[in-house]
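356 is the number that the numbering used here gives to position 355 of the sequence shown; each next residue is one higher, with no gaps.
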Amino acid sequence: MENIRHGYGLLIKVIVAIALGVAAGWLLPLWAARAFLTFNALFSEFLGFVIPLIILGLVTPAIAELGRGGGRMLLVAVLLSYGFTLLAGLLSYAVSVSCFPPLLASSLAGGVEAGQGQGAEPFFTVQIPPLMSVMTALCLSFTFGLGIAYSKSPTLRSLCLEARAVVERVINRVLVPLLPLYIFGIFLEMTAQGEVARILRVFAGIILVIFAMHILWLLLLYSLAGALTRRNPLRLLLTMLPAYFTALGTQSSAATIPVTLRQTLRNGVSEPVAGFVVPLCATIHLSGSMLKIVACALALMIMQGLPYGLGLFAGFICLLAITMVAAPGVPGGAIMAALGVLASVLGFGEREQALMIALYIAMDCFGTACNVTGDGAIALLMQRIFAKPLP
């Protein structure tokens with residue numbers, strides 16, 4: 002129940018922040034608008050500083066804990082989860098390239114007249130350079146994560162777990178609570194500059210396309226599982242619906258594990274396989290989140306007139322799939338972990354990152370539901386590989 006309140010509380014705050022930001026862009030005097038823009042400038046600098054630390058603090062222990070497991074079963078589960086997450090990203094890119102250019106064509110023509118705060122700037126800014134680049138943080142995470150896994154050093158493992166606790170506290174107690182105010186400032190600025198109308202006009206269309214992709218992806222995933230296990234894919238998918246709807250409420254794969262596990266067992270997966278796969282995939286299988294982030298990123302690039310292509314997005318998808326493995330099990334966690342890759346690979350600035358956060362949180366429950374429902378399909382495939390065929 003606490004996860005449900007937290008997840009939907011954040012969503013409601015973001016929606017309210019967008020509405021108030023649009024109104025404030027027209028009504029606030031210049032000095033008040035500049036005060037909020039000053040906060041946004043400071044928050045943006047802090048966010049840029051903390052992103053490499055988030056990657057180090059979350060990715061390192063995630064890799065170390067995966068590496069501590071052994072055996073062929075772990076390897077296959079990781080490969081299946083990562084492979085499906087990559088395929089989901091490529092599917093999202095293909096569908097988005099086909100659907101978004103005509104859908105977003107009108108957004109490229111411009112928006113409404115600017116509000117009273119046009120030309121407003123922060124009172125001051127403070128530069129907070131990050132300790133390292135995002136790519137350096139990723140390489141360090143892999144190096145230390147694999148080193149801890151193979152050395153089995155209790156001291157290093159304890160250190161990285163404590164670092165993860167610090168980073169998660171920064172996300173939960175600082176970044177996530179301040180996100181609505183940050184988004185408020187972004188929409189205030191866009192309203193003042195006359196851009197908010199075209200942004201809001203296409204949000205609904207983007208969300209509908211992404212929701213349709215989630216349904217298509219689950220049908221494809223269970224069609225594959227049904228074909229290999231010689232079961233009716235629709236019946237398998239219908240059995241997982243309680244997990245889907247539970248995830249809509251919790252917005253957390255980890256919080257939905259008990260229901261996912263129960264429905265997976267009802268699909269005929271043995272207890273040892275289900276008990277191994279479901280908790281593991283709750284962390285490393287993120288197809289639904291990948292579908293959302295790739296589609297939202299491409300939509301924003303089209304709206305901003307930025308260049309994009311398969312080569313650029315293929316590299317982005319590969320790095321994103323690795324980075325999101327470490328996303329904490331809280332609403333909005335995956336997008337916070339992905340901000341560094343969005344900035345370093347796609348060149349997203351402060352405004353694009355804020356729009357990504359707003360779009361992602363608006364659809365967070367659907368992505369999580371897609372993730373956990375897909376976990377049941379992976380469990381079916383693992384049952385087919387490592388146990389007797391399903392009855």
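Note that the Cβ used here is the ideal one computed from N, Cα and C, for glycine as well.
All figures in this text were calculated on a predicted structure; none of them were measured in a lab.
Asked: Hey, out of Ala-359, Gly-341 and Cys-100, whose CA is closest to Val-177's CA?; Found: Ala-359
Asked: Alpha carbon to alpha carbon, how far is Thr-192 from Gly-22? Give it in angstroms, no decimals.; Found: 8 angstroms
Asked: Could you work out which residue in Asn-268, Ile-19, Leu-76 and Glu-353 is closest to Leu-235 when comparing CA atoms only?; Found: Asn-268
Asked: Excluding the 5 residues flanking Met-302 on each side, which residues of the same chain have their C-beta closer than 6 angstroms to its C-beta?; Found: Tyr-309
Asked: Do you know how far the Cα of Val-15 is from the Cα of Thr-261?; Found: 28 angstroms
Asked: Taking the alpha helix (DSSP H) that Lys-293 falls in, what are its first and last residues?; Found: 288-305
Asked: What would DSSP say about Asn-233, mapped onto helix, strand or coil?; Found: coil
Asked: Identify whether Met-241 lies in helix, strand or coil by the three-state DSSP scheme.; Found: coil
Asked: Under the three-state reduction of DSSP, which class applies to Leu-132: helix, strand or coil?; Found: coil
Asked: Tell me whether Lys-153 is buried or exposed, calling it buried when 16 or more other Cβ atoms sit within 10 Å of its Cβ.; Found: exposed
Asked: Under 8 angstroms, with one C-beta from each stretch per pair, do the segment 44-54 and the segment 341-357 reach the 3-pair mark?; Found: yes
Asked: Starting from Arg-258, follow the alpha helix (DSSP H) in both directions and report where the run begins and ends.; Found: Here residue 258 turns out to be Ile, not Arg, going by the sequence shown. Note, Ile-258: alpha helix (DSSP H), 258-267.
Asked: Around the Cβ of Leu-238, are there at least 16 other Cβ atoms within 10 angstroms (buried) or fewer (exposed)?; Found: buried
Asked: Taking C-alpha atoms, which residue in Gly-90, Thr-61, Ser-134 and Met-133 lies nearest to Cys-297?; Found: Gly-90
Asked: Under the three-state reduction of DSSP, which class applies to Tyr-309: helix, strand or coil?; Found: coil
Asked: Go ahead and label Pro-329 buried or exposed: buried means 16 or more other beta carbons lie within 10 angstroms of its beta carbon, across all protein chains shown.; Found: A caution first: Pro-329 carries a pLDDT of 48, below 50, which makes its placement in the model unreliable, though a value can still be read off. Buried, because 16 or more other Cβ atoms sit within 10 Å of the Cβ of Pro-329.
Asked: Report yes or no: do the segment 150-168 and the segment 24-37 share at least 3 C-beta pairs separated by less than 8 angstroms?; Found: no
Asked: I'd like to know whether the C-beta atoms of Phe-367 and His-215 end up nearer to each other than 7 angstroms.; Found: yes
Asked: Under 8 angstroms by Cβ, that's how I've got Gly-348 and Ile-56 pegged, so tell me the actual separation to the nearest angstrom.; Found: No, Gly-348 and Ile-56 are not in contact; Cβ-Cβ is about 18 angstroms, not under 8 angstroms.
Asked: Whole angstroms is fine: what's the gap from Tyr-151's alpha carbon to Thr-144's?; Found: 11 angstroms
Asked: Cα separation between Leu-54 and Leu-132?; Found: 8 angstroms
Asked: Quick check on Lys-153: does DSSP put it in helix, strand or coil?; Found: coil
Asked: Does the beta-carbon of Gly-58 have 16 or more other beta-carbons within 10 angstroms, so that it is buried, or is it exposed?; Found: buried
Asked: Please confirm whether Ile-207 and Ala-18 have their CB atoms less than 7 angstroms apart.; Found: no
Asked: Should Gly-118 be labelled buried (16 or more other beta-carbon atoms within 10 Å of its own) or exposed?; Found: Reliability fails at Gly-118, whose pLDDT of 45 lies under 50, so the model's placement of it is uncertain and no value is given.
Asked: Looking only at its chain, what residues have a beta carbon closer than 6 angstroms to the beta carbon of Ala-248, apart from the 5 residues adjacent to it on each side?; Found: Thr-257, Thr-369, Ala-370 and Val-373
Asked: Quick test of your reading: Leu-381 and Thr-230, contact by CB under 8 angstroms. State the CB separation rounded to the nearest angstrom.; Found: 5 angstroms
Asked: Ignore the nearest five residues each way along the sequence and tell me which others in Leu-320's own chain have a CB closer than 6 angstroms to its CB.; Found: Val-342
Asked: Please classify Thr-265 as buried or exposed, where buried requires at least 16 neighbouring CB atoms within 10 angstroms.; Found: buried
Asked: Could you check what DSSP says for Val-127 in three-state terms: helix, strand or coil?; Found: coil
Asked: On the CB-based measure, 16 or more other CB atoms within 10 Å of its CB, does Ser-159 come out buried or exposed?; Found: exposed
Asked: Helix, strand or coil for Leu-217? Go by DSSP, reduced to three states.; Found: helix
Asked: Using the Cα positions of Leu-180 and Phe-387, report the straight-line distance between them to the nearest angstrom.; Found: 44 angstroms
Asked: Rounding to the nearest angstrom, what Cα-Cα distance links Tyr-383 and Val-96 in this structure?; Found: Reading the sequence as shown, one finds Met at residue 383 and not Tyr. Those two C-alpha atoms are separated by around 28 angstroms.
Asked: Excluding the 5 residues flanking Arg-363 on each side, which residues of the same chain have their C-beta closer than 8 angstroms to its C-beta?; Found: The amino acid occupying residue 363 in the given sequence is Ala; Arg does not appear at that position. If we look at Ala-363 and ignore the five residues flanking it on each side, its Cβ neighbours are Leu-12, Val-15, Ile-16, Phe-204 and Ile-208.
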